[in-house]
Structures are given as structure tokens and as C-alpha cells.
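A.B. asks: Numbering of the sequence shown is given in the working numbering, commencing with residue 122 and proceeding in unit increments. The C-beta atom is built at its ideal place from N, Cα and C for all residues, glycine as well.
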Amino acid sequence: MLNLIRRVTESIPIARASRFVGSLLNRTTTTGNPVAINNTPRQFPTCLRQPQHLAADIDHTTDTMADNTKDTKEDIKAPKPAANLQIKTPKGTRDWHGPDMLLREQLFQTVSDVFKRHGGTPLDTPVFELREILAGKYGEDSKLIYDLQDQGGELCSLRYDLTVPFARWLAMTSTQQVKRYHIAKVYRRDQPAIARGRMREFHQCDFDIAGVYDPMIPDAEILRIIVEVFDALKLGITIKLNHRKILDGLFAVAGVPAEKIRTISSAVDKLDKMPWADVKKEMVEEKGLPEEVADKIGVYVQNAGNITDIINYIKADADLPTNDDIKAGIHDMELLAAYLEALEVTDKVSFDLSLARGLDYYTGLIFEVINKPEPVADGDKKKKSKKDDPASQVGSIAAGGRYDNLVGMYGKKQIPCVGISFGIDRIFTILKARGENDIKKREVDVFVMAFGGGKDFDGLLVERMKIARQLWNAGIRAEYMAKAKPKLQAQFKAAEGTPLGVILGEEELKAGQVRLKKLDQGQGQKDEGNLVPIDDLAEEVKKLLL
122 MLNLIRRVTE SIPIARASRF VGSLLNRTTT TGNPVAINNT PRQFPTCLRQ PQHLAADIDH
182 TTDTMADNTK DTKEDIKAPK PAANLQIKTP KGTRDWHGPD MLLREQLFQT VSDVFKRHGG
242 TPLDTPVFEL REILAGKYGE DSKLIYDLQD QGGELCSLRY DLTVPFARWL AMTSTQQVKR
302 YHIAKVYRRD QPAIARGRMR EFHQCDFDIA GVYDPMIPDA EILRIIVEVF DALKLGITIK
362 LNHRKILDGL FAVAGVPAEK IRTISSAVDK LDKMPWADVK KEMVEEKGLP EEVADKIGVY
422 VQNAGNITDI INYIKADADL PTNDDIKAGI HDMELLAAYL EALEVTDKVS FDLSLARGLD
482 YYTGLIFEVI NKPEPVADGD KKKKSKKDDP ASQVGSIAAG GRYDNLVGMY GKKQIPCVGI
542 SFGIDRIFTI LKARGENDIK KREVDVFVMA FGGGKDFDGL LVERMKIARQ LWNAGIRAEY
602 MAKAKPKLQA QFKAAEGTPL GVILGEEELK AGQVRLKKLD QGQGQKDEGN LVPIDDLAEE
662 VKKLLL
């Protein structure tokens with residue numbers, strides 16, 4: 122009997138053998154005889170008293186355990202990659218690395234510095250929200266929201282922008298007034314065009330002023346923030362303005378039914394991408410608007426100019442000034458014109474009656490920022506076409522407006538808000554294509570090298586490490602080649618793009634000195650560098666980096 126058990130346990134893994142023997146000993150019957158195991162009386166299972174039953178049970182158990190062992194091995198086997206697997210990022214996304222990442226970080230820093238200058242405090246929210254929080258806030262663009270798979274919990278979606286999460290946060294807290302900024306990724310299931318800065322995953326930099334203030338004062342400050350950001354980036358801009366009340370009143374005067382105002386607004390919002398004939402066709406054929414109403418809209422929305430001129434145009438019309446919404450909008454725009462004059466923003470804005478901003482939550486002033494094409498010098502033969510100019514390809518590079526009712530959709534309290542969102546990826550596309558910005562893209566300021574020869578030269582690795590550590594302690598970005606005995610030519614190759622080099626030599630080190638040399642002198646210019654005391658190296662480097 123014991124030989125039979127031994128035969129089984131030797132043919133299967135020890136852990137399974139232990140469980141098999143244990144199961145036999147625990148399967149007792151009322152007719153079994155007691156057996157002492159560890160001095161404890163136990164009942165022999167019937168199968169141990171009946172060898173023929175034991176043999177059958179052993180055969181069955183051995184086969185089952187063998188099958189289980191086979192299944193376990195198959196379960197833990199690593200899956201083989203598909204032969205035709207394409208290694209790439211998902212559509213509409215990209216990896217960020219090296220100079221591109223540094224440029225983007227500098228953009229974040231430039232924008233956040235302006236935000237802080239205006240009293241902004243940072244906020245971060247989850248990358249996904251409850252689906253019902255986002256529902257009904259984006260009009261026809263709601264189809265671009267990424268819904269997450271239901272895994273037995275709450276129904277959630279990736280955030281479409283940073284404005285709705287901010288409104289949800291306000292509704293959850295006791296905050297009544299705040300200047301908040303938020304820099305984070307958002308997600309839209311749009312048709313991407315990476316070369317134009319149109320992505321499915323991209324960064325937005327938002328600044329919003331929430332709370333009850335006198336009319337148009339926060340709105341004017343938001344427009345001033347826009348000017349300061351793009352002045353810091355040395356990009357020429359035009360801020361297109363409109364007022365939602367003026368636009369809604371204009372539609373009403375033209376004869377648009379109240380239930381169609383939002384859908385017609387979304388169509389008009391496409392005028393910066395489509396000619397009027399195509400927009401009119403969409404309004405008439407797809408949205409069921411009478412042609413004569415569409416024609417009347419066309420007369421109004423194809424007007425743009427400075428604030429004063431457009432206000433005068435509206436007032437001169439026979440029908441528009443009688444509409445209550447238009448009256449309220451004109452009052453706001455007259456206040457805004459005075460404030461923008463004081464803030465030196467007037468020359469950057471254009472009052473454009475075609476600007477609609479398709480998002481449902483806007484209630485007052487709305488605006489978009491476009492990059493002005495580069496001026497071409499006289500006689501420049503290499504004039505760029507619109508197709509080649511990134512400024513004309515990326516569309517708006519910032520946008521925003523007033524949304525006074527959004528917070529109230531989530532609770533009893535109503536907190537008026539106005540804000541701006543900067544499209545960092547689109548701004549990045551323009552700056553990188555032009556290559557004329559002052560943002561530093563280098564990763565290292567100083568490269569530490571060793572020079573020497575002969576069999577006894579050890580590469581001065583430890584000494585290079587000490588010099589690099591000294592520079593790091595002084596806040597200087599430094600690097601050295603991770604080889605014990607690097608060749609000088611390889612070190613200069615690795616230092617390409619670095620402005621300064623520190624060259625170590627055995628004799629100079631004995632004298633407590635190193636050679637500090639400018640590396641990016643251009644063709645035909647040579648700099649032998651200067652010997653400087655090691656103790657003064659950090660200060661000398663800082664002088665040259667200024």
C-alpha cells in the first residue's frame with residue numbers, strides 16, 4: 122500500500138503529492154480502523170483498506186494531476202507577440218523626448234509665470250470624470266468624448282477639457298472667489314493632424330477667474346494675460362472677440378427658432394475653416410433652416426473690425442438694437458473697450474461677429490487667439506505659402522470665454538466664471554517650425570573632458586566626476602562621458618551643442634587648475650580657453666553663461 126503511494130508521489134511534483142496524500146487521509150468512512158498519525162488516532166480511508174479501490178483512485182488522481190500540471194504550465198507561458206505587430210503610439214498621440222520635451226517644459230514655465238504674476242493658484246483634477254458630469258456641456262462636440270469601458274463600477278469618461286472639471290470642483294467646495302490655473306492633458310476623439318498640432322491627447326494651460334465681480338473687469342484681465350503670454354513667447358497674435366448674447370440676439374432677429382440657435386451657432390463656428398457657401402449649405406440642408414434666414418445671418422456674421430466700429434455697425438442696423446440680448450451685449454462690449462484701452466490690449470483684438478465657440482456653456486464674452494503670419498521682408502525670394510506656414514495650419518492657439526451658469530448645473534450655488542485655455546501643443550508646433558524663439562533647448566551647459574595620452578593615462582574618470590559634482594552643487598548643468606578612458610575626439614562629439622567645455626589634464630590638475638573653453642564658436646573661430654583654479658571654476662562658468 123505504501124509502495125503504491127510512493128509510486129504516485131514520485132511521479133508528480135512534491136506540492137501536489139502532499140495534497141494527494143492529505144486528501145486520502147482525510148477521506149474517512151464509518152467502517153475504517155483508526156491509525157495514529159503524530160500520536161493522533163485517525164481513521165484509515167476505505168480505499169486504504171481496499172487495495173483494488175486504491176489502485177483505481179491512484180490512476181484517476183495521477184491522470185488528473187498530470188492534466189492540471191500541464192494546464193498550469195500553459196497558463197504561465199508568456200504569450201508570443203503577433204508576427205505582424207506594429208510598434209507605434211496610438212493614433213493622435215506622440216512620445217516627447219529630448220529637445221522637444223525641454224521646449225515644452227519651457228513653454229509651461231513661461232505660461233505659469235504669467236499665471237502666478239496675476240495671482241493664480243494651481244489646481245489638479247482626475248484625468249477622468251463621471252460620465253454624467255461631462256454630459257450635455259459640449260454641444261455637437263460631445264461625440265468626441267472618450268468613454269471608458271464599464272468594469273462594474275461608475276460610468277466614467279476621459280476629460281474633454283479643464284473647464285468642466287473646474288466647475289465641478291467649485292460646486293463641491295465652499296470656494297466663492299478664486300483665480301485658478303491648471304496645466305494638464307485632455308483627450309478628444311478627433312481626427313488628428315500631428316504636423317498641425319491637432320492631437321487626441323494634448324496639453325491645455327487654463328487660467329480662470331471665478332466669483333462675483335463688477336461686469337467685464339475679470340474678462341479684461343483674462344485678455345491682458347493672453348497678451349502677456351504671447352509677448353513672452355515673441356509671437357504676434359490677434360484676439361478674435363464676440364459676445365454670446367449679441368450672437369444669440371442676432372440669430373433671433375434673423376429668424377432662427379430658439380431650439381435651433383445652438384446648432385446654427387455650431388455651423389457658424391466653422392467659418393474660420395469653411396467658406397460661407399458651405400456653412401450656408403449645412404444650415405439649410407442639414408439643419409433645416411430656411412434659406413432666407415441663412416442669407417440674413419450671412420449679412421451679419423461676415424463683419425469684423427475694432428470694437429468701436431462693430432458696435433456702431435450694430436447700432437446702425439434697423440432691427441438689431443431692439444433686441445434685449447443685443448442691448449446687454451453692447452453694454453458689456455462698451456465697458457470692455459474702455460478697460461482694454463487702459464490695459465494696452467486694444468490693438469490686439471478684433472470684434473468678429475462670426476466667432477461662435479460651439480461649446481454650450483458659454484454665456485457672455487467669447488474669444489479665440491490666432492497667430493499672425495510672419496511678415497516677409499521685401500525682396501525675400503523664399504516666401505512661404507499658406508500651406509508651408511504653420512501659423513495658418515494650426516488654427517486657434519488659445520480660446521475661452523465667460524460661463525456664468527456652468528457651476529450651477531452641479532448644485533444650488535451659482536458662481537460666474539471667465540477663463541482662457543492655451544493650446545500648448547499647437548503653440549509648440551509654431552515655435553519649433555519657425556526656430557526663432559529665445560527658449561533654450563540645450564540640456565547641458567558644461568561638458569567635462571579629459572585630455573592625455575600614453576600607457577599610464579587612466580582617463581581621469583574620478584577627477585571628471587569630482588569636477589561634475591562641483592558644478593552640480595553650484596546649480597550648473599554638467600555632464601561627462603561614461604567611459605573610463607574616452608578618446609578626446611569622442612568627447613568633443615558628445616559635447617556638440619554644449620556651450621562650454623572643461624578640459625582636465627594631468628599637469629593642470631597637479632597645479633589645481635582646469636581649462637575652461639567655449640565650444641560653440643562656429644566655423645573658423647577657435648578658442649584655446651583659459652586656465653582657471655578649480656576652486657573658482659563654478660563662478661567662471663556662470664560668468665560665461667550669462
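1) On the criterion of 16 or more Cβ atoms from any shown chain inside 10 Å, does Ile385 qualify as buried, or is it exposed?
2) Nearest by alpha-carbon distance to Glu584: which of Asp566, Phe472 and Gly626 is it?
3) Can you name the start and end residues of the beta strand (DSSP E) that Phe549 belongs to?
4) Residue range of the beta strand (DSSP E) that Gln325 falls in?
5) Residues in the same chain with beta-carbon distance under 6 Å from Ala292, minus the five sequence neighbours each way, listed in chain order, please.
6) To the nearest angstrom, how far is the alpha carbon of Ser387 from that of Leu476?
7) Could you give the residue range of the beta strand (DSSP E) that holds Lys492?
8) What does the alpha-carbon distance come out to for the pair Lys417 and Ala439?
9) Could you check which residue in Lys664, Ile338, Leu480 and Pro607 has the C-alpha nearest to that of Gly257?
10) Is the beta carbon of Arg523 less than 8 Å from the beta carbon of Leu486?
11) Kindly indicate which residue of Asp579, Pro243, Ala595 and Val569 has the alpha-carbon position closest to the one of Val635.
12) Helix, strand or coil: how does DSSP classify Glu628 here?
13) Would you give the residue range spanned by the beta strand (DSSP E) that Tyr524 belongs to?
14) Could you spell out the range, first to last residue, of the alpha helix (DSSP H) harbouring Met404?
15) Between the stretch 586-596 and the stretch 539-553, do at least 3 Cβ pairs fall closer than 8 Å?
16) Could you check whether the stretch 263-272 touches the stretch 293-301, counting it as contact only if at least three pairs of C-beta atoms, one from each stretch, sit closer than 8 Å?
17) Looking at Met454 and His324, is the spacing between their C-beta atoms short of 8 Å?
18) DSSP on Asn433, reduced to helix/strand/coil?
19) What did DSSP end up calling Thr296 once you bin it into helix, strand or coil?
20) Suppose you measure from the CA of Asp369 to the CA of Ile447; what does that come to, to the nearest Å?
21) Taking one C-beta from the stretch 427-443 and one from the stretch 301-319 each time, how about it: are there three or more such pairs within less than 8 Å?
22) Of the choices Ile360, Asp268, Leu410 and Ala353, whose alpha-carbon is the least far from that of Lys381?
23) Identify whether Asn594 lies in helix, strand or coil by the three-state DSSP scheme.
24) Kindly indicate the opening and closing residues of the alpha helix (DSSP H) around Pro339.
25) Which residues in the same chain as Tyr308 place their Cβ atom closer than 6 Å to its Cβ, once the five residues preceding and following it in sequence are excluded?
26) Inspect the CB distances between the stretch 341-359 and the stretch 231-238 and report whether three or more fall short of 8 Å.
27) Just list the residues that DSSP pairs Lys361 with in beta bridges.
28) Output needed for Ile330: all residues of its chain with C-beta closer than 6 Å, excluding positions within five of it in sequence on either side, in chain order.
29) In whole angstroms, what separates the C-alpha of Leu666 from that of Asp566?
30) Count the other C-beta atoms from every protein chain shown that fall within 10 angstroms of the C-beta of His303, then say buried if there are 16 or more, exposed otherwise.
31) Which stretch, first to last residue, makes up the alpha helix (DSSP H) that contains Phe236?
32) Would you call Glu250 buried or exposed, if buried means 16 or more other Cβ atoms sit within 10 Å of its Cβ?
33) Measure the beta-carbon distance from Leu637 to Val623 and round it to whole angstroms, keeping in mind my assumption that it falls under 8 Å.
34) With H, G and I counted as helix, E and B as strand and the rest as coil, what does DSSP make of Arg585?
35) At a cut-off of 7 Å, would you count Glu250 as near the ligand FAD, judging by its Cβ distance to the nearest heavy atom?
36) So is Thr619 buried or exposed if we call it buried at 16+ other beta carbons inside 10 Å?
C.D. replies: Reading off the structure:
1) A residue is called buried when at least 16 other Cβ atoms come within 10 angstroms of its Cβ; Ile385 meets this threshold and is buried.
2) Checking every option, the nearest Cα to that of Glu584 belongs to Gly626.
3) Here Phe549 belongs to no beta strand (DSSP E); instead the alpha helix (DSSP H) covers Ile545 to Arg555.
4) Glu322 to Ala331
5) Val528, Tyr531 and Gly532
6) 10 Å
7) The sequence shown places Asn at residue 492, not Lys. Leu486 to Asn492 is the extent of the beta strand (DSSP E) around Asn492.
8) 13 Å
9) Leu480
10) yes
11) Val569
12) Secondary structure at Glu628: helix, using DSSP grouped into helix, strand and coil.
13) Ala519 to Tyr524
14) No alpha helix (DSSP H) contains Met404, which DSSP labels as neither H nor E.
15) no
16) Taking 8 Å as the limit for Cβ pairs, the verdict is that the stretch 293-301 does not touch the stretch 263-272.
17) no
18) helix
19) coil
20) 8 Å
21) no
22) Leu410
23) Three-state DSSP puts Asn594 in a helix.
24) Ile338 to Ala353
25) Tyr267, Leu279 and Glu322
26) yes
27) Note: Lys361 sits in a beta bridge opposite Ser471 and Glu489.
28) Contacts found: Lys300, Pro339 and Val539.
29) 8 Å
30) When all chains shown are included, His303 counts as buried.
31) Gly219 to Arg238
32) buried
33) 6 Å
34) helix
35) Absent from the structure shown: the ligand FAD. Ligands present: none.
36) Taking all protein chains shown into account, Thr619 has 16 or more neighbouring C-beta atoms within 10 Å of its C-beta and is therefore buried.
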